[in-house]
Structures are given as structure tokens and as C-alpha cells.
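Trainee:
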Amino acid sequence: MLELKLIRENPTKVQELLNRRSAEGYDIQPLLELDRKTRELETNRSQLSARSNEIGKAIGQKMRSGGDPKSAEITALKESGNQLKTQLAELEPQEKDLKAQINQLLLQFPNLPSESTPVGKYEAENVEIRRWGDEYITQEEKILPHWEIGEQLGIIEFKRAVKIAQSRFVNLIGAGAALERALINFMLDSQIEAGYTEVMPPVLVNTESLTGTGQLPKFAEESFKCGDDDLWLTPTAEVPLVNLYRGEILESTELPIHHCAYTPCFRREAGSYGKDTRGLIRLHQFSKVELVKLVHPDTSEAEHQALVQNAEAILQALKLPYRVIELCTGDLGFGAAKCYDIEVWLPSAKTYREISSCSNCDAFQARRADIRFKETGKKGTQYVHTLNGSGLAIGRTMAAILENYQLPNGTVKIPEVLQPYLKREAL
RNA sequence: GGAGAGAUGGCCGAGUGGUCGAAGGCGCAGCACUGGAAAUGCUGUAACGGGGUAACUCGUUCGAGGGUUCGAAUCCCUCUCUCUCCGCCA
1 MLELKLIREN
11 PTKVQELLNR
21 RSAEGYDIQP
31 LLELDRKTRE
41 LETNRSQLSA
51 RSNEIGKAIG
61 QKMRSGGDPK
71 SAEITALKES
81 GNQLKTQLAE
91 LEPQEKDLKA
101 QINQLLLQFP
111 NLPSESTPVG
121 KYEAENVEIR
131 RWGDEYITQE
141 EKILPHWEIG
151 EQLGIIEFKR
161 AVKIAQSRFV
171 NLIGAGAALE
181 RALINFMLDS
191 QIEAGYTEVM
201 PPVLVNTESL
211 TGTGQLPKFA
221 EESFKCGDDD
231 LWLTPTAEVP
241 LVNLYRGEIL
251 ESTELPIHHC
261 AYTPCFRREA
271 GSYGKDTRGL
281 IRLHQFSKVE
291 LVKLVHPDTS
301 EAEHQALVQN
311 AEAILQALKL
321 PYRVIELCTG
331 DLGFGAAKCY
341 DIEVWLPSAK
351 TYREISSCSN
361 CDAFQARRAD
371 IRFKETGKKG
381 TQYVHTLNGS
391 GLAIGRTMAA
401 ILENYQLPNG
411 TVKIPEVLQP
421 YLKREAL
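Numbering (the UniProt record's numbering), first residue to last: 1 to 427.
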């Protein structure tokens, strides 16, 4: 959520930053108008409230010093109290309604891109930051796509998953299931080693949680909802991990908080019907190890860089070639001020595919979820900064392994770091 | 699912319908004592919103939402959550 005061005091700047995301679509004028009305009303109303409070106090004083409740003086006071009440009954709901309207509008606005985010309209204007592992890119021409080699090896199975659920679901069988489990364990172990504390959170989350991280209200069609309850299947562990501290005031000494979690993730993938229909790239249910940080605003940039490196370290350990790109303003996610995507090399398609997205949401989510901290000894509170990134998406990692480690004889080598987990050297 | 108890500041915890934004404690900050510290003593210490350069000031907030009243943490209704006991259950 954007800060109303910031919008009010720097309307031109805010509008300009929103325009960097997309030329049209975000107009702050209606918001400013509502804000102006609200403050006018609030001034009025609070003056009436003040008078009403005075009358209440006056009566209280008389009563305590033994005044007769039926006396003319007290009756007159009560009468004027009643008059104020009539007026307040008119103003109060109006003010409430205006504030609710403002809040509704505010929840629709995406975060402002950071000043350092490259300006651009489309994905094509994202900026490549670095590449790693060119030397590991296979020179082999005939690489089977991961779903073909997976089915050939009998470890990935789509048909029956469709029977059980629907399209975009998968069964992992035998070594496939073991490989998934090995990847989860390896990634968690690595991130714990890097200083993250593991969490196993609920994967059903309520509406308030999804609003806190920004999936709601705008992107309701992207998540699966449980009809009978106020619960949704979480689209990413970012949701439960950030919301762990929703509504809390932390001590500054508790920061930074670094959490990692393995969870299944559920996405409806509405509007991507033709895309990536085969394989492990785009499923309704997939596994992911997620990294989430809650940090002091002063350290959030450095924490962001470190988080990207924690994600990269997994690919380096697996010796999977990748590149890091920085998203331009037009491609930035709803809550992100700055975002790096890590893309892994998929030789069958001869292309890089996103395997991790590392965002700095600054105080955007913290304002929605009301996560603050108090500096010991100082007055007042500040919002934390929240950061999140995949460390990594498991299915896409498996796809990358099945392709990059494929041998001409139709077998797949197991990356060295995974061998202790899988207790085998090849598939 | 049945029966009961509860939800108050960063935390714990008191609170007869009337100067209650709320005693007391912990924690934290400042001062005193000390060579320095511990202990002790004194003082201060909620958040959010509006107005003001500021000192400050007004309002809102005691789980949430309604109601009664001149006035609600306190009374009434609805909801949510937590705990205890019973039942069911991986």
C-alpha cells in the first residue's frame, strides 16, 4: 500500500513513478479528491466530538458532586448533548465511508518502482546483469525436453495426474519423487546454512493474509479459494512467511528476520491457457523453497543483493548455467519496488527460463500487513521492509537438471551435490 | 460436534457507567549513587489520524461490528479468535 501522506504531499512525483509502470491506468486524482473531502469532514466532526466530550465531562462532574439528575441544568446539558449526537450521527458514517473508499482505492495501487529500477515498458526492456556457467552449457545438439526424458525414464507422469485432478498437474514416480525430495532438502539445508530459519507454515491462508502481501484484492482470479471457508491455497510461501508478523510491533533488535520455507504452491494460471502446456514449467501445484526477509529500511538494499546471491548459490552448487536480469518498471510485480529474476538455461528450448524472482517490496507490504518495529529508546514506530525470493522453484530446477545433465545414451547424471541425498549417481 | 472460561499498552496484569488512555509490574530511556558495573532510588515511557514551523492541540482506539446512554474497557446483541473439559479423528 502506498502512503497516503506521500501521495498528498508529492502528487506529481507519485504520479510520475506510477506512470513508469504503465503509461495509463493509475490516476491518483480521484484519491486526492477523496482525501481532501475526508480531511474537511474530519475537522468538522472532531470539533463536534470535542464539544460532545466536554458536555459529557460537565455532567459527570455535576453528578459526582451530588447534582440532581433531574435538575434543569443537567437536563439542559443532556439536551444539547442530544443535539450534537444528531449531527454526529450524520457526519460519522460519511467519514467512515470516505475512509473506506480511500482504503479500497489505495489497495488497488501497485508499489512505486525504486529510483534505480530501469525504466521500460515490456519484458524486452529488462536488463541483463550477469551470466554464470557458460562453460556448463551443453554442446550436445539433441537434447530431449525434460518431459520427454522424464516420461522415458518413468519418473514423470502427466496422464494419470490429469485423471486425478486436471491438466497442469503431475505425478512424480520413483526416482522422480526422490529427486523432488532431494532438491527440497538440499535447498533448505543450503539456506539454513546461509542463516535462514526454516518455517513450515500453513498453506491455507485467509483473505487478510493475501491482502497483506498484495495478492488481493486485485488478483483474486489467480488463487484457488476454498468455497466454504475464508481460506485460500497459498500461491507462494511468501504469503504465510510475511504474514507471520502481521499486526505486530517488533523490537529493532529482532531484525533482520530471515526465514525460509518449503511449501507446495497453488496457482490458477488464469490467462495463460496456451502457454507452457507441457512439462514442469507451469503447473497448478508446484514445490518451492522460498526466502523471506524482514529488515530495517537502512539495510534493505544490501539485504536484497544478499538474497539474490543466496538463490544463485543453489544454481552454482548444481552447476546449472543461469543469468540474472533486473526487471524494468513495466515488468515489475505488483508489490515490488525492485526485482531481479534468475533464469536458468534450458537446452531443449535453447533459452533461459525464470527459476527465481527476488523482490524488494520496501514498506509496501508492511503497510498493508501492518508490520512495524520500534527502535529501543526512540519514540514512535517504523514499517519494516520485506523482501522475498525463490530459493528456488523445485519443478523448474528438476526440469533444468533433466535437460542440462542429459547424456546422449538417454540417461541423466545426478549433480554431485545431490548424490548424497539421492544415494545414486544417475537416472 | 457438546459444555464452560476468556480477549485490556512492547510484554504481564488490575479495572464499582462519570477527569480511565487506563492502577501496578516487567521491559526500555534519562538522572542520581559508583573508579566502572550490578543492586538501589527518582523521573519519564501507547499507537494511529487531523491541525500547527514548533511548543502544542483536537480526535479515534481496551478482539471486531452494531446497540443503550449526555457519557461505555465496564451494560445488551452479533461475529471472530484463544484456552479448559467431553466426544470424534491422522
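For glycine and all other residues, C-beta sits at the position ideal for the given N, C-alpha and C.
Taking a contact to mean a Cβ-Cβ separation below 8 Å, would you say L4 touches L106 in this structure?
Mentor: yes
Trainee: How many whole angstroms separate the CB atoms of L204 and L244, which I take to be in contact at a CB cut-off of 8 Å?
Mentor: With 8 Å as the limit, L204 and L244 do not qualify as a contact, their Cβ atoms being about 15 Å apart.
Trainee: What distance in whole Å lies between the Cβ atoms of L402 and G150, which are believed to be in contact at a cut-off of 8 Å?
Mentor: Confirmed, Cβ separation roughly 6 Å.
Trainee: Just verifying my parser: in three-state terms, what is the DSSP assignment at L210?
Mentor: Note: L210 maps to helix in three-state DSSP.
Trainee: So who's on the other strand from L352, going by DSSP bridges?
Mentor: First, the residue type needs correcting, since residue 352 is Tyr and not Leu in the sequence shown. According to DSSP, which records beta bridges pairwise, Y352 is partnered with W345.
Trainee: Let's test the definition: count the other Cβ atoms within 10 Å of the Cβ of V292 and tell me whether it reaches 16, buried, or not, exposed.
Mentor: buried
Trainee: So, using beta-carbon positions, are I371 and R246 closer together than 8 Å?
Mentor: yes
Trainee: Provide the residue span of the alpha helix (DSSP H) that contains Y421, from first to last.
Mentor: 419–422
Trainee: What is the DSSP secondary structure of S22, counted as helix, strand or coil?
Mentor: coil
Trainee: My understanding is that F224 touches L233, with C-beta atoms under 8 Å, so please give their C-beta distance in whole angstroms.
Mentor: About 4 Å separates the two Cβ atoms, so the contact holds.
Trainee: Less than 8 Å separating the beta-carbons of G330 and K13?
Mentor: no
Trainee: Thinking C-beta only, is E198 closer than 8 Å to L188?
Mentor: yes
Trainee: Mapping DSSP to helix, strand and coil, what is S167?
Mentor: Correct three-state label for S167: coil.
Trainee: Compute the beta-carbon to beta-carbon distance between L17 and P113, rounded to the nearest angstrom, for a pair I have assumed lies under 8 Å.
Mentor: 6 Å
Trainee: Would you please state the rounded distance, in angstroms, between the beta carbons of P347 and N404? I believe it to be under 8 Å.
Mentor: 6 Å
Trainee: Under the assumption that V289 contacts Q191 (Cβ atoms under 8 Å), give the Cβ distance between them as a whole number of angstroms.
Mentor: 7 Å
Trainee: Going by DSSP, name the residue or residues bridged to N111.
Mentor: None, per the DSSP bridge assignment.
Trainee: Tell me whether R372 sits in a helix, a strand or coil according to DSSP, three-state version.
Mentor: strand
Trainee: When we look at the beta-carbon of K142 and count the other beta-carbons within 10 Å, is it buried (16 or more) or exposed?
Mentor: exposed
Trainee: Among all the DSSP beta bridges, which residues are the ones paired with P264?
Mentor: S287
Trainee: Considering only the alpha carbon of each residue, which of Q305, H284, R353 lies closest to A165?
Mentor: Taking only the C-alpha atoms, the option nearest A165 is H284.
Trainee: Do S49 and G81 have their CB atoms nearer than 8 Å?
Mentor: no
Trainee: Got a sec, what are the start and stop residues for the alpha helix (DSSP H) L180 sits in?
Mentor: Reading off the sequence shown, one finds Glu at residue 180, where the question assumed Leu. Looking at the DSSP string, the run of the alpha helix (DSSP H) that includes E180 is 175–193.
Trainee: Just to confirm the assignment, what range does the alpha helix (DSSP H) spanning E54 have?
Mentor: If you look at E54, you'll find it in the alpha helix (DSSP H) that goes 29–64.
Trainee: For K413, which option in D341, A337, K319 has the closest C-alpha, if you only look at C-alpha atoms?
Mentor: K319
Trainee: Is it a yes or a no for the segment 374–382 touching the segment 407–425, going by three-plus beta-carbon pairs under 8 Å?
Mentor: no
Trainee: How would you label residue 432, buried or exposed, when you count the other beta carbons within 10 angstroms and need 16 or more for buried?
Mentor: In the structure as shown, the chain starts at 1 and stops at 427, and residue 432 therefore has no counterpart that could be examined.
Trainee: Do the segment 349–363 and the segment 254–264 meet, that is, are 3 or more Cβ pairs less than 8 Å apart?
Mentor: no
Trainee: Just confirm the distance between the C-beta atoms of S252 and E95, as a whole number of angstroms; I'd bet it's less than 8 Å.
Mentor: Rounded, the Cβ-Cβ distance is 34 Å, inconsistent with contact.
Trainee: Taking 7 Å as the limit between beta carbons, can you name the residues of its chain near G227, skipping five residues before and five after?
Mentor: Taken in chain order, the list of residues that qualify is empty.
Trainee: For the segment 168–177 and the segment 296–310, state whether three or more C-beta atom pairs, one from each stretch, are separated by less than 8 Å.
Mentor: no
Trainee: Any idea which residues DSSP pairs L250 with across the strands?
Mentor: F373
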